[in-house]
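J.:
Protein chains in written order, with the numbering used here: chain R, 78 to 550; chain Y, 4 to 243.
(1) Using beta carbons (cut-off 8 Å, strictly below), is residue 406/R in contact with chain Y?
(2) Which residue comes first and which comes last in the beta strand (DSSP E) that contains residue 27/Y?
(3) Are the beta-carbon atoms of residue 174/Y and residue 160/Y separated by less than 8 Å?
(4) Going along the chain, which residues of its own chain have a beta-carbon closer than 6 Å to the beta-carbon of residue 47/Y, five neighbours each way excluded?
(5) Please list the terminal residues of the continuous beta strand (DSSP E) segment that includes residue 158/Y.
(6) Closest to residue 477/R by C-alpha separation, out of 536/R, 143/R, 404/R, 142/R, would be which residue?
(7) Tell me the DSSP bridge mates of residue 65/Y?
(8) Can you give me the C-alpha to C-alpha distance between residue 25/Y and residue 51/Y, rounded to a whole angstrom?
(9) Taking any Cβ of chain Y, which residues in the segment 386–412 of chain R have a Cβ under 8 Å from it, in chain order?
(10) Return the Cβ separation of residue 155/Y and residue 177/Y in integer angstroms, given the expectation that the two are a contact with Cβ distance under 8 Å.
(11) Kindly indicate which three-state DSSP category residue 188/Y falls into: helix, strand or coil?
(12) Need the endpoints of the beta strand (DSSP E) that residue 35/Y sits in, please.
(13) Can you tell me which of 229/Y, 223/Y, 211/Y, 238/Y puts its alpha carbon nearest to the alpha carbon of residue 28/Y?
(14) What residue does the alpha helix (DSSP H) around residue 46/Y start on, and which one ends it?
(15) List the residues that DSSP assigns as beta-bridge partners of residue 96/Y.
(16) Interface residues of chain R around residue 73/Y at Cβ under 7 Å?
(17) DSSP three-state call for residue 549/R: helix, strand or coil?
(18) Does the distance from the CB of residue 204/Y to the CB of residue 180/Y come in under 8 Å?
(19) Exposed or buried, residue 423/R, counting other C-beta atoms within 10 Å across all chains shown (16 or more means buried)?
(20) Going by C-alpha to C-alpha distance, which of 131/Y, 10/Y, 112/Y sits closest to residue 148/Y?
(21) So if I threshold CB-CB distances at 7 Å, which residues from the segment 52–66 of chain Y count as touching chain R?
(22) Tell me whether the segment 62–77 of chain Y and the segment 7–17 of chain Y touch, counting them as touching only if at least three CB pairs, one residue from each stretch, are closer than 8 Å.
(23) Let me confirm a value: residue 53/Y is counted as buried when at least 16 other C-beta atoms fall within 10 Å, else exposed. Which label applies?
(24) So, does the segment 468–476 of chain R touch the segment 524–535 of chain R, judging by three or more C-beta pairs under 8 Å?
(25) Between which two residues does the beta strand (DSSP E) carrying residue 204/Y extend?
(26) Starting from residue 498/R and walking both ways along the alpha helix (DSSP H), at which residues does that stretch end?
(27) Among the candidates 463/R, 499/R, 152/R, 541/R, whose CA atom is the shortest distance from the CA of residue 415/R?
(28) Does chain Y have any CB closer than 8 Å to the CB of residue 549/R?
(29) Tell me whether residue 182/Y is buried or exposed, calling it buried when 16 or more other Cβ atoms sit within 10 Å of its Cβ.
(30) Under 6 Å Cβ to Cβ from residue 150/Y, same chain only, skipping five residues before and after it: list those, please.
(31) Please report the straight-line C-alpha distance between residue 180/R and residue 377/R, rounded to a whole angstrom.
(32) Please classify residue 428/R as buried or exposed, where buried requires at least 16 other C-beta atoms within 10 Å of its C-beta.
(33) Could you round the C-beta distance between residue 404/R and residue 82/Y to whole angstroms and report it? I think they count as a contact, below 8 Å.
(34) Does the Cβ-Cβ distance between residue 490/R and residue 525/R come in under 8 Å?
(35) DSSP three-state call for residue 84/Y: helix, strand or coil?
(36) If contact means a Cβ-Cβ distance below 8 Å, which residues of the segment 152–177 of chain Y contact chain R?
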């Protein structure tokens, strides 16, 4: 039973399971290759959660005290994996052929891989996977008749850039967490832990320590600390900024890593089935522009979905500190106002960062600058729409954070549903014909997104009232 | 205003469970009150309701002359609290956390802070997540007392302290409770600690105040030690 209960007690694993189930639902919609990949990825999510639980059980100290603990767990894990992971891989191998590998299918494959990385928490997986994915996509698209990247040097250059970004991110993360290696122990078999620790320490000696706050200590026992001016009765925005910055919820460094990597992954998908306009030969300027436009559009779901989701996940952890924070010298309305402002600011900043990196990375990999600029103008309404829906997603995030841990899952499901309703059902990516079609549908998308924004604004007083009556203890 | 804390007919329900059943308590300004009670008697719930962290089901709770649920910023600036479960930002360094807390209070005492850091040997450069439970508790106490609040509420503050640290903390508590305008309310299981510091004792039993009065009055009534008096009152309510 623990293999059934455990995934749902971990919000991360639970989110990916729900997302997988969500995709399973959409997998049954008609579409070439999509249903098979959806099904495969859905079961892969479940398999990832199983593997997470299995690893935790194998390092549990009870294994030495409970009779037949290990054989029982191995038997259960293998049995469930045969039906879930095995079926998923089988479907993937049998049904997914290159000509049927639609853009949405690739998207789902990537989600499945990310899900397994999150669920298994094997450190090397994300880095190897992203690097491998870049190479695979570059190789695939350079050989496919649909590919705009017909010349090997450009393909190799983009693939090398992708790999460099990936491993650079790995080294950077090792460096900024250099101090943590002395306190962290790996869970189970994790050989990359040693490599990451060594990398972090080497970079620490070359680049210097990553921490910014250095309190000088003298041989004398008494230490003088600079306290600065006390913050008496601050305004809501000032409180929000101070609490946001000081409470560590900004995590700017994390976004600096995630943003370009995610944007790059989706911008590397430069073609989709049927993206060629009839009569237009491949590798033509118009074809390249359409593909780039589609590539940028593929980044839109992440710009829509991820900001509120990540922020809800971060601030969910902050709930336990609100007991003592609510007793700081500020009235209840000041405290709640500052807190909600801080969360809202972070949703907005994460959106801005993702939207910005999506556009900038698109420019870096564009073949012709004027094509990219033209596409950027065309994609602007979609970015505007993604901004408008953040009002609803942001309010949802504010409401979610006031609830129990499990409620964080809801924001992922709600944001996904919203994305499909606003961006996909109105304009299915899978049936994309030309970039002109995208542009013609933009006003409708912006209109529906504006409705989402108004809905979010209407809900704000209700959310505020809930927070004002919330018990902090 | 002569009362630091005024609680009238306070009840608090958590679903079907009634944690507080009509609590009446008045703590005068300048008193040092020890709150005794068995596990599950409602001590922490009472403290949280009096701080406005929990909303009472019925009854009234006033702190420093204001409603506990809607305390003003000036009232909170005079309030210090050490919870039973210490939650400090694990990623902050000790010095950063002290700086962060100090930025909220105009009455922060740097000399007291430096003295406590020295006495308790708090490692300023270490991150909070690397501290032991006792060190975290000492840090929480420091951040609550360093700005010299008029009302100090501590929920089992010495539970995780080693004997030396506990002695230092009790000495500090005696020192802090000396000013006439400062009120201290602390809950504890250790009767010997209470005897050293408290002027008044409140004993809780099954969500009610079973006894409240001065420490001397309690000892005179029972002619025994505080621990025996506590047990006697607990049994008396049980049978009564």
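Using N, Cα and C, we set each Cβ at its ideal position, and we do this for glycine too.
Being a predicted model, the structure only gives us computed values, none of them experimental.
T.: Taking the structure as given:
(1) yes
(2) 20–31
(3) no
(4) 87, 158
(5) 154–158
(6) 536/R
(7) 9/Y, 70/Y
(8) 15 Å
(9) 397, 398, 400, 401, 403, 404, 405, 406, 407, 408, 409, 411
(10) At roughly 12 Å, the Cβ-Cβ gap does not stay under 8 Å, so residue 155/Y and residue 177/Y are not in contact.
(11) strand
(12) 35–40
(13) 211/Y
(14) 46–54
(15) 130/Y
(16) 409
(17) coil
(18) no
(19) buried
(20) 112/Y
(21) 54, 56, 57, 58
(22) yes
(23) buried
(24) yes
(25) 203–208
(26) From DSSP, residue 498/R is part of no alpha helix (DSSP H); its letter is neither H nor E.
(27) 541/R
(28) yes
(29) exposed
(30) 108, 110, 111
(31) Legend: pLDDT at residue 180/R = 46, less than 50; position of this residue unreliable, value from coordinates given subsequently. In a straight line, the C-alpha of residue 180/R is about 14 Å away from that of residue 377/R.
(32) buried
(33) 6 Å
(34) no
(35) strand
(36) none
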